[in-house]
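These notes concern the structure reproduced below.
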Amino acid sequence: MIDVLFNESFSSTLKYYYQQHHIDQEVLSMPMYLGLGDINQWSFTEARKTLYKIMSTHSKTIDPHEYGEHLNAMTSRLKQAISNRETIRVWWSDLADDYCGFLWLCDYLSEHQLQMFSIHVPLSYAIKGNRLITLDSIGEITEDQLATLNLFKTEKVISAEKQLAYSYEWRELRSDNTPVRAMINGHMLSQEIDFYDQFLLGNVKKHRFRNIIRVIGDTIGSSPIGVADWWYWHRIDYLISKGVLDYKMPTNMAVGSIKLNKVNQTTF
C-alpha cells in the first residue's frame, strides 16, 4: 500500500510517525495546491510549475525547479504503482487543496480499477475538558495526534463507482477552470481570482497604514480557510499595482505597509 498526501507538512509528520513506530510504509507527498491556478492545461505539471514560481516570489524556501522535479518524480512513482497494481490510500481534508487533490487522484486512477482507500482528516475535534480544537490545515496535526484521533481506524474503501463519481466532479472543475476553488457549505465551487480578497481587505484600514505582515497574519488568524500566506502576498502585489491599495515603503522594517486607496474606499 502507498499513502498519497497533498500537504507537505503532514506528509513529513506521517513519515516520522512510521519511522518512530517502525512501520515500513511508503508516503507520496504531492503538494500541488490544486485549490489555485490553472487545472486545464494540456501539461498538468507545467501548470503547477507556474504556481510554484508565484510561490517562490514570496517564499525563499521555495525552489520552483525543485518542486517541479519532485512532482514529476511522485507522478512517475504513481504511474509505477498503477502498473504494479498496488493499493493506494489517500489522506485528505475539506480544504480546497486536499479535496481537489483527492478528486484529481480519483480521476487519475478511475480507468485502472485499483483498490483504493481513503482517510478523511477532520479539521476540528473535541478533546478532554470539552474543548474543541480547530485546525487551519492538516499540516498542523502532530505525530501524537495521529494516534489520539485514531485516524487509521477511519479508513474507508473507495469503490470503483465512487471513484468515477469523484472523477466526474474533478472534470467539472477542470471544465470551469477558474483561478480559485473553494469549499463552501460542503461543496467545492469554482471562484474568481479575487475570491479571497474579501478576507484580506477586511483587515486593511482606510485611514492608516498597516504593516503587510500584520495584515496577512490577522487575515489568516480570523479566517482559517487554509489559504497560504504567499497567496495573500501575491494578491497584495496585484492590488497595489491596480491602485486598490496604497503602499508605503518601509523605514526600519523589512516590509512595507498598506492601506485602502481613497478612490477605492467606497467599494469595500
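Residue numbers for the sequence shown follow numbering that gives the first Met the number 0, so the first one is 0 and each next one is one higher.
C-beta: ideal position from N, C-alpha, C; glycine also.
Just so it is clear, the structure is predicted and the values come from calculations on it, not from any experiment.
A distance of 8 Å or more separates the beta carbons of C99 and M29. The beta carbon of K127 lies closer than 7 Å to none in the same chain, with the five residues before and after it left out. In the structure shown, the three-state DSSP call for H233 is helix. Taken through DSSP and simplified to helix, strand or coil, F9 comes out as helix. Distance from the CA atom of K48 to the CA atom of F5, rounded to whole angstroms, is 15 Å. One thing to note: H57 has its Cβ within 8 Å of the Cβ of W229. Each residue's CA atom was taken as its position, placing R170 and D236 some 31 Å apart.
As the crow flies, the alpha-carbon of G185 is around 37 Å from that of G255.
The beta carbon of Y246 sits closer than 6 Å to the beta carbons of I239, G255, I257 from its chain, once the five residues preceding and following it are set aside; these are given in chain order.
For H21, there is no enclosing alpha helix (DSSP H), as DSSP marks it with neither H nor E.
Annotation: I87 is outside any alpha helix (DSSP H); the continuous beta strand (DSSP E) that includes it extends over 87-91.
DSSP places V214 within a helical segment (H, G or I) once states are collapsed to three.
The Cβ-Cβ distance between T218 and L199 falls below 8 Å. Secondary structure of H186 (DSSP, three-state): strand. Between the beta-carbon of L134 and that of I140 there is about 7 Å, and that keeps the pair under the 8 Å contact cut. Look at L104 here: in three-state DSSP terms it is helix.
In the DSSP annotation of this structure, the continuous segment of the beta strand (DSSP E) that includes H119 starts and ends at 115-119.
For N83, the closest C-alpha among the options V226, D196, M0 is that of M0.
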